[in-house]
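Asks:
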Amino acid sequence: MRAIVVRDEGVQIEQIDDEFLGDGPVTVDVAYSDLNYKDALAVTGKPGVVRKRPLIAGVDLVGRVAESSDDRWSVGEWLILNGAGLSETKHGGYAERAVIDAEHAVKLPEGLSPERAAALGTAGYTAALAVLRLVMEGVSPDAGPVLVTGATGGVGSVATMLLSAAGFEVAALTGRVDELGDYLRGLGADTLVAREDLANPGKPLQAATYAGVIDSVGGQILANAIAQTKPGGLVAACGLAGSHDLPSTVMPFILRGVTLAGIDSVWASLDDRADAWRVLARGVDLDQLDAMTSTINLGEVQEAGEQLLAGRRHGRTLVRLDA
Ligand code: NDP
1196 MRAIVVRDEG
1206 VQIEQIDDEF
1216 LGDGPVTVDV
1226 AYSDLNYKDA
1236 LAVTGKPGVV
1246 RKRPLIAGVD
1256 LVGRVAESSD
1266 DRWSVGEWLI
1276 LNGAGLSETK
1286 HGGYAERAVI
1296 DAEHAVKLPE
1306 GLSPERAAAL
1316 GTAGYTAALA
1326 VLRLVMEGVS
1336 PDAGPVLVTG
1346 ATGGVGSVAT
1356 MLLSAAGFEV
1366 AALTGRVDEL
1376 GDYLRGLGAD
1386 TLVAREDLAN
1396 PGKPLQAATY
1406 AGVIDSVGGQ
1416 ILANAIAQTK
1426 PGGLVAACGL
1436 AGSHDLPSTV
1446 MPFILRGVTL
1456 AGIDSVWASL
1466 DDRADAWRVL
1476 ARGVDLDQLD
1486 AMTSTINLGE
1496 VQEAGEQLLA
1506 GRRHGRTLVR
1516 LDA
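Read left to right, the sequence shown gives residues 1196 to 1518 (my numbering).
As structure tokens, then:
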């Protein structure tokens, strides 16, 4: 079978055999994977994701159980596995078969096809975890707008769509207002915020504007977003597409009671995963999802990864393993 393998010498598509996959309780015929920011780093040979080599890349997989010694899983069932070490220390989804420890796998939720579940992937599931966190901490649509940063990206696009469907007013921050403003409005963004508006150092406390924030870029933008969060508001930090720094102060936390909540999709509990996938199955507009999804095959993943890191893709990228 074909697989995208990360080695010390580089990354390439290789023919591998079952032995390469190792042992585990569940064998999956992988039908789909997708392209996330972390995948883009891995397949372009950048550091920070793959911690063991050689390793099959791909943080997500959607497929059918081919063999199982795990009571939870029967042959023929569809499962979704996001993160849980895939493409970090365990072989990931960029191969036609996977041998997994299915402890963190979830069943395909009713209402989502395998293809659409993969199109949502880790980015969509992370957006759902962030929206759930906001709601659980008491942020409601009548509390004020929610700022979504990196809005045209995978996490940002799905967060915008879910928040809008749940009745929130969404302010979408993007570096591509002119190019992709209509795309974001189509997903439900009420206002557009230019990336440069939050890109420079600002005061520790700024006009209290947002009841919540879903951030996938980090750095100065996250610091300014925190400084613009209303008293009692919540900021969900999901990513570092801009920077891993956080040049902030304690002022918003101690004077406005703002909460900074970290979102970790990789090791989220099975309950949280199931909740997030239920939210996606109910809250995602399938036409919008289809419109924001582009489809590629295994041979196109590396080039698409370069494009994603260069800011030349948006929305979600589905990877077909059978093509
Ligand atoms: P994408 O590349 O799809 O989206 C990232 C978006 O961030 C881009 O589309 C762009 O949006 C914006 N962006 C890119 N570069 C910069 C920059 N230098 N400064 C400011 N904004 C920038 O990635 P994903 O949505 O898949 O992932 C986003 C982040 O979230 C990544 O850091 C990823 O590692 C992280 N992540 C974390 C997870 C977790 O478990 N916590 C799970 C999933 C992702 P625009 O053009 O609209 O400004």
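For glycine and all other residues, C-beta sits at the position ideal for the given N, C-alpha and C.
When DSSP labels each residue in this structure, what does L1273 get in the three-state scheme?
Replies: First, the amino acid is wrong: residue 1273 is Trp here, not Leu. Looking at W1273 - three-state DSSP - the assignment turns out to be strand.
Asks: Under three-state DSSP, which class holds R1380?
Replies: The answer is helix: DSSP assigns R1380 an H, G or I state.
Asks: Between which residues of its own chain and T1369 is the CB-CB distance below 7 Å, once the five residues before and five after are set aside?
Replies: Around T1369: A1346, T1347, L1375, L1379, L1387, R1390.
Asks: If we count Cβ pairs, one from each stretch, closer than 8 Å, do we get three or more for the segment 1402-1409 versus the segment 1424-1435?
Replies: The segment 1402-1409 is in contact with the segment 1424-1435.
Asks: Taking 8 Å as the cut-off, does the segment 1462-1471 touch the segment 1431-1438 (at least 3 CB pairs, one atom from each stretch)?
Replies: With the cut-off at 8 Å, the segment 1431-1438 and the segment 1462-1471 do not touch.
Asks: DSSP on Y1173, reduced to helix/strand/coil?
Replies: Because the chain spans 1196 through 1518 in this model, residue 1173 falls outside it and cannot be assessed.
Asks: Does the segment 1499-1513 come within contact of the segment 1336-1344, defined as at least 3 CB pairs closer than 8 Å?
Replies: Output reads no: the segment 1336-1344 does not touch the segment 1499-1513.
Asks: Express the C-alpha separation of T1355 and L1481 in angstroms, rounding to a whole number.
Replies: Approximately 14 Å, taken between the alpha carbons.
Asks: In angstroms, rounded to a whole number, what distance separates the CA positions of L1513 and A1313?
Replies: When rounded, the distance between both Cα atoms is 6 Å.
Asks: In whole angstroms, give me the CA-to-CA distance for M1487 and A1456.
Replies: M1487 and A1456: Cα-Cα distance of roughly 27 Å.
Asks: Hey, how far is the Cα of S1269 from the Cα of E1262?
Replies: Spanning the two alpha carbons is a distance of roughly 8 Å.
Asks: Taking DSSP as the reference, what is the three-state secondary structure of L1327?
Replies: L1327 falls in the helix class under three-state DSSP.
Asks: Can you give me the Cβ contacts of W1273 inside the same chain, cut-off strictly under 6 Å, excluding the 5 residues immediately before and after it?
Replies: Counting only Cβ-Cβ distances below 6 Å, and skipping sequence neighbours, we find R1259, L1303, P1309.
Asks: From which residue to which residue does the beta strand (DSSP E) around S1359 run?
Replies: It is not in any beta strand (DSSP E) - S1359 instead sits in the alpha helix (DSSP H) that spans 1349-1360.
Asks: G1413 and D1296: beta carbons closer than 7 Å?
Replies: The answer is no: Cβ separation not under 7 Å.
Asks: Nearest to A1499 by CA position, among Q1210, L1230, F1215, is which residue?
Replies: Ranking Q1210, L1230, F1215 by Cα distance to A1499 puts L1230 first.
Asks: Just to confirm, does N1419 get its C-beta within under 6 Å of one of the non-hydrogen atoms of ligand 1?
Replies: No, the beta carbon of N1419 sits no closer than 6 Å to any heavy atom of ligand 1.
Asks: Since A1293 and M1196 are thought to touch, with beta carbons under 8 Å apart, how far apart are those beta carbons, to the nearest angstrom?
Replies: A1293 to M1196, Cβ: 10 Å. No contact.
Asks: I think V1225 touches L1516, with their Cβ atoms under 8 Å apart; what is that distance to the nearest whole Å?
Replies: Yes, V1225 and L1516 are in contact; Cβ-Cβ is about 5 Å, under 8 Å.
Asks: For the alpha helix (DSSP H) that K1233 lies in, which residues bound it at each end?
Replies: Taken as a continuous stretch (DSSP letters only), the alpha helix (DSSP H) holding K1233 covers 1232-1238.
Asks: Please identify the residue among I1458, D1459, G1452, A1420 whose C-alpha is closest to the C-alpha of P1442.
Replies: It is A1420.
Asks: Distance check for A1418 and F1448, CA to CA, integer angstroms please.
Replies: Those two C-alpha atoms are separated by around 12 Å.
Asks: Contact check, V1461 vs G1278 under 8 Å by CB: the rounded distance?
Replies: With 8 Å as the limit, V1461 and G1278 qualify as a contact, their Cβ atoms being about 4 Å apart.
Asks: What's the call for E1283, buried or exposed, on a 16-neighbour Cβ count within 10 Å?
Replies: The residue is buried, with at least 16 neighbouring Cβ atoms inside 10 Å.
Asks: From the DSSP secondary-structure annotation, give me the bridge partner or partners of Y1405.
Replies: T1424, per the DSSP bridge assignment.
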